[in-house]
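Novice: Count along the sequence shown starting at 1, add 2, and that's the number in the numbering used here.
Cβ atoms here follow ideal geometry from the backbone N, Cα and C, with glycine treated the same way.
Take a look at the following structure, please.
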Amino acid sequence: KCSCLYSPSLYFTFPHGYISWPHPIPRNMFFSYTKFRTKLQIPTSKNTRNGFNPQNIQQLAKRRFTLGTLFYSKFNHWPLPQSFFYAVDAGMSIGFCTQVVETKIGSRAFTIVYILLGASFIGGALAYTVQHIIEGAVSRSSALYRHILEEDALKKRFFEGRKIMRSGNGGMMEEGTLSHEEFRLVLEEIGCELSDEAFSAVCEIYDPDRRGYVDYEHFSKIYQGIDRILPRKTGLARRLWDGLRTVFNEENRIFLWFVSWVGLGVMYGMKSQKWDFITATHFAVSALATGGLTAPPVDENGILPTEPAIFCGLYCIFGVPLFAMTLGQFASVLIEGYLVEEEHAAIIRPLSESEYEFASKSLCTKDDAVHLSDFIVLQLMRQGKMSVESLQFMKRQFELCDKDKSGKLSWREATQLTENIR
């Protein structure tokens with residue numbers, strides 16, 4: 003995926019941002035880059051290499067709850083529904099306040115190991131949630147930088163410094179303007195091809211006075227991105243529709259599922275257990291949060307009836323992960339914006355005297371000047387995405403590839419295997 007303007011630059015979209023090539027590039031290079039992109043080997047994340055992914059977690063959880071159910075049923079001579087309930091209750095560290103208790107030492111010993119194994123699942127889920135938040139912040143920051151780069155590229159086209167004859171009256175167009183024909187050409191070079199009808203609608207928006215040209219000052223106030231070259235309408239119906247789309251989009255859909263799941267627990271408590279609304283809600287929320295502060299009672303034989311045992315087990319198996327995902331999504335909404343702002347502030351902040359000294363003598367070059375490579379590495383260090391040790395490791399890898407010690411890599415040197423660094 004790339005966005006190509008004829009004059010300013012080509013933006014390469016990698017998983018962690020954009021790399022800009024600051025020279026005029028022919029448009030057909032897009033196809034070469036597309037082929038390169040399909041062959042690009044992006045290393046898998048550490049979690050994936052170690053086998054940690056949602057599919058593996060689901061399989062392990064199924065086996066674990068099955069093992070717990072069969073063990074409690076066989077060892078304690080419990081009915082399968084009650085054994086399933088207790089396997090979920092102990093395995094997810096819920097601890098419902100019921101009279102279902104273990105009386106055998108062997109069963110308690112098994113439960114100790116069973117709970118500790120469950121803690122490892124929780125730790126893995128937390129790590130996965132943190133990774134999801136970081137990836138979301140990276141995606142948002144990439145979108146922000148792309149929008150800024152697009153604005154800069156378009157601004158250069160508006161202010162190229164050349165005077166163009168305005169069609170119709172023979173006058174000179176002012177700097178910072180583009181005729182409709184030029185404006186359409188710029189959009190096509192970006193990859194935004196519009197029909198005649200759509201382009202007429204664009205001109206009505208960006209040239210409301212029908213002067214025959216688009217002024218950058220007016221354009222910059224309305225422009226929302228290449229993918230929104232036609233600004234969204236601001237009518238009441240449109241705002242309501244956009245609001246509904248925001249609520250029901252893929253990211254926010256998890257909140258609707260969570261509210262629905264809590265509602266299911268409340269309805270069960272009120273209908274089946276005859277609890278009042280507050281008690282039923284107390285059961286639903288505390289169960290999903292692994293508090294287990296309210297639970298159905300056992301019968302006169304000390305056995306949890308089949309219906310509440312199966313319902314509580316299934317309700318928690320699906321509801322506890324849903325609760326964790328909802329909290330993770332809510333945290334990402336709060337944190338992603340902050341991370342993006344912090345990263346952007348770090349990039350635009352001027353270098354201090356000590357940073358300049360460090361970048362000019364200790365990074366990629368040592369000639370008392372900060373080159374582009376030094377600047378990029380320093381910005382990565384500012385954001386905590388690179389350490390001095392990792393930089394030194396990369397330098398060592400470069401030196402191993404640079405067989406002739408020329409300070410640059412040929413195609414053969416860059417693509418051949420080097421000895422392993424341990």
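Quick one: what's got a C-beta closer than 6 angstroms to residue 217's C-beta in the same chain, skipping five residues either side?
Specialist: 179
Novice: Grab me the residues of residue 36's own chain with a C-beta within less than 6 angstroms of its C-beta, minus the 5 sequence neighbours each way, in chain order.
Specialist: Residue confidence is low: residue 36 scores 36 on pLDDT, short of 50, so the model does not pin down where it sits. No coordinate-derived value is stated.
Novice: Which same chain residues end up closer than 6 angstroms to residue 331 when comparing Cβ atoms and leaving out the 5 residues on each side of it in sequence?
Specialist: For residue 331, same chain residues with a beta-carbon under 6 angstroms away, outside a window of 5 residues either side, are 256 in chain order.
Novice: Near residue 182, which residues of its chain fall below 6 angstroms by C-beta distance, leaving aside the five closest residues on each side in sequence?
Specialist: Excluding five sequence positions before and after residue 182, the CB atoms of its chain that fall closer than 6 angstroms to its own CB belong to 205, given in chain order.
Novice: For residue 161, which of 228, 353, 302, 222 has the nearest alpha-carbon?
Specialist: 222
Novice: Can you find the residues in the same chain that come closer than 6 angstroms, C-beta to C-beta, to residue 277, ignoring five residues on each side of it along the sequence?
Specialist: 271
Novice: By Cβ distance, which residues of its chain are closer than 6 angstroms to residue 321, with the 5 residues on each side in sequence left out?
Specialist: 263, 290
Novice: Work out the CA separation of residue 387 and residue 90 for me, nearest whole Å.
Specialist: 40 angstroms
Novice: Run the CB neighbour count on residue 85, radius 10 Å, all protein chains shown included, and call it buried at 16 or more, exposed below.
Specialist: buried
Novice: If you reduce the DSSP assignment to three classes, tell me which class residue 216 lands in.
Specialist: strand
Novice: Is the separation between the beta-carbon of residue 228 and that of residue 193 shorter than 9 angstroms?
Specialist: The beta carbons of residue 228 and residue 193 sit closer together than 9 angstroms.
Novice: Quick check on residue 299: buried or exposed, where buried means 16 or more other Cβ atoms within 10 Å of its Cβ?
Specialist: exposed
Novice: Is residue 292 helix, strand or coil by DSSP?
Specialist: coil
Novice: Just checking my contact of residue 362 with residue 348 at CB under 8 angstroms: how many whole Å lie between their CB atoms?
Specialist: About 19 angstroms; that fails the 8 angstroms criterion.
Novice: Nearest to residue 313 by CA position, among 209, 266, 95, is which residue?
Specialist: 266
Novice: So, is residue 366 buried or exposed, given that buried needs 16 or more other C-beta atoms within 10 angstroms?
Specialist: buried
Novice: Assuming residue 297 and residue 98 form a contact by the criterion Cβ under 8 angstroms, report the distance between their Cβ atoms to the nearest whole angstrom.
Specialist: 4 angstroms
Novice: How close, in whole Å, do the beta carbons of residue 67 and residue 93 come, if the pair is a contact with beta carbons under 8 angstroms?
Specialist: 6 angstroms
Novice: Could you spell out the range, first to last residue, of the beta strand (DSSP E) harbouring residue 179?
Specialist: If you look at residue 179, you'll find it in the beta strand (DSSP E) that goes 179 to 181.
Novice: For residue 215 versus residue 185, is the C-beta distance shorter than 9 angstroms?
Specialist: yes
Novice: According to DSSP, is residue 269 helix, strand or coil?
Specialist: helix
Novice: Is residue 80 buried or exposed, if buried means 16 or more other CB atoms sit within 10 Å of its CB?
Specialist: buried
Novice: Within 10 angstroms of its Cβ, does residue 409 collect 16 or more other Cβ (buried), or is it exposed?
Specialist: exposed
Novice: Of all the options 201, 117, 417, which has the alpha carbon lying nearest to the alpha carbon of residue 399?
Specialist: 417
Novice: Rounded to a whole number of angstroms, what is the C-alpha to C-alpha distance between residue 335 and residue 328?
Specialist: 11 angstroms
Novice: Going by C-alpha distance, which of 201, 383, 62, 364 is nearest residue 345?
Specialist: 383
Novice: In terms of residue numbering, what span does the alpha helix (DSSP H) encompassing residue 310 cover?
Specialist: 308 to 350
Novice: Express the C-alpha separation of residue 100 and residue 309 in angstroms, rounding to a whole number.
Specialist: 15 angstroms
Novice: List the endpoints of the continuous alpha helix (DSSP H) containing residue 413.
Specialist: 413 to 417
Novice: At which residues does the alpha helix (DSSP H) containing residue 83 begin and terminate?
Specialist: Element bounds for residue 83: 82 to 93.
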